[in-house]
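To keep things clear, I will list the structure first and then write my remarks on it.
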Amino acid sequence: MPRPLLLALALLLAPAAAPAASAPLVVVVDPGHGGEKDGAVAPTGAKEKDLALAIARKLAARLRAGGAEVFLTRDGDASVDLAHRPALANSREADLFVSIHLNSMPGRARATTRGVETYFLSVDASDANAHAVAARENADKLAGGAPFDPADPVGGILADLQDEAALAGSSRLAYAIHERVIARTGEPDRGVKQAPFYVLAGARMPAVLLELGFVSQPAEARRLADPAYQELLAQAVAEGIAAWRRPVAAAIMRGP
Ligand SMILES: [Zn+2]
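Structure below.
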């Protein structure tokens, strides 16, 4: 048989490429901190790094059960550089990146402040509180990891901001998740905000950072340590991701 004919036959017999809409959602779930970085510590002694990992594992299990392909940036008490976390999402060509954190207040506000904040990236923080949260979460960067100029922390982020499409997707993802978490938990709604987080910089897909509650507030710290509540949070985040994804699937079905 002549070669061109063979090729045509091979093409005819080859299985058709899977339509984009049925491709599994690829998610990178990032439990904050780890290793020597405890993150925030509760009055009970519970550490943000452990609570974030527990919630991240439950979220990963739920997403996998829904057919998603999920990668964790750490699946143990390991130290992972902030820059490596979005880099993993880029290398896996993830559809979205979700960083899981718990919040903390200093001073007298520790006793009373609770609630949920959801973040996506910008160079300028939404307000003083958002600025403080980013500064605390970025502190992991100061010890170890790639060197950077502490006098110009924003410069590094500016050099590698998300592209515009990813940023618009991040905003929509943040609102979708935030809405479900507030509805499920009934915790105070502290809003969707923007701030310069290293862990979100450089992500080439929709990327959000969740502050799912305050470990500094004693009652909320106890709630966050409860596996049933962690499961509820995982469910809420998974529902938010599903709500975010639906219009995307619809757009693919409609075609260009
Ligand atoms: Zn954190």
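Residues 194 to 449 in this note's numbering are what the sequence shown lists, from first letter to last. Beta carbons are placed, not taken as given, at the ideal position from N, Cα and C, and that holds for glycine.
Alpha carbon to alpha carbon, what distance is there between A367 and F313?
Translated into positions along the sequence shown, residue 313 becomes position 120. Translated into positions along the sequence shown, residue 367 becomes position 174. Each residue's alpha carbon lies about 7 Å from the other.
According to DSSP, is D268 helix, strand or coil?
Locating residue 268 in the sequence shown gives position 75, where the first residue counts as 1. Of the three classes helix, strand and coil, the one that applies to D268 here is coil, per DSSP.
Output yes or no for whether 8 Å exceeds the beta carbon distance between I293 and G238.
Counted from its first residue, the sequence shown places residue 293 at position 100. Counted from its first residue, the sequence shown places residue 238 at position 45. No, these two residues do not count as a Cβ contact at 8 Å.
Where does the unbroken beta strand (DSSP E) through S292 begin, and where does it stop?
Looking up residue 292 in the sequence shown gives position 99. L289 to N296 is the extent of the beta strand (DSSP E) around S292.
What residue range is occupied by the uninterrupted beta strand (DSSP E) comprising L417?
For the purposes of this step, residue 417 is taken as the residue at position 224 of the sequence shown. That residue, L417, is in no beta strand (DSSP E); its alpha helix (DSSP H) goes P411 to L417.
According to the neighbour-count rule (16 or more other Cβ atoms, all chains shown, within 10 Å of its Cβ), is S461 buried or exposed?
Because the chain is modelled from 194 through 449, residue 461 falls outside the range shown and cannot be assessed.
Which residues DSSP lists as bridging K230, in chain order
In the sequence shown, the residue the question calls residue 230 occupies position 37. Per DSSP, G227.
Select from V222, E241 and P420 the residue whose C-alpha is nearest the C-alpha of E330.
Start at 1 with the first residue of the sequence shown, and residue 330 comes out as number 137. It is E241.
Taking 8 Å as the cut-off, decide whether the C-beta atoms of V291 and V401 are in contact.
By one-based count along the sequence shown, residue 291 stands at place 98. By one-based count along the sequence shown, residue 401 stands at place 208. Yes, these two residues count as a Cβ contact at 8 Å.
Is any heavy atom in ligand 1 found nearer than 7 Å to the beta carbon of E229?
For the purposes of this step, residue 229 is taken as residue 36 along the sequence shown, with counting starting at 1. No, ligand 1 has no heavy atom inside 7 Å of this Cβ.
Applying the 10 Å Cβ sphere with the 16-neighbour rule, what's the burial state of P299?
If you number the sequence shown from 1, residue 299 lands on position 106. Classification for P299: exposed.
Delimiting residues of the alpha helix (DSSP H) encompassing V309
For the purposes of this step, residue 309 is identified with residue 116 of the sequence shown, where counting begins at 1. V309 -> not in any alpha helix (DSSP H); beta strand (DSSP E) instead, spanning V309 to L314.
Since L402 is in the beta strand (DSSP E), which residue starts that stretch and which ends it?
As a first step, residue 402 must be located in the sequence shown, where it is residue number 209. Run containing L402: A400 to F407, per the beta strand (DSSP E) assignment.
Alpha carbon to alpha carbon, how far is P399 from A376?
The count along the sequence shown starts at 1 and reaches residue 399 at position 206. The count along the sequence shown starts at 1 and reaches residue 376 at position 183. Approximately 22 Å, taken between the alpha carbons.
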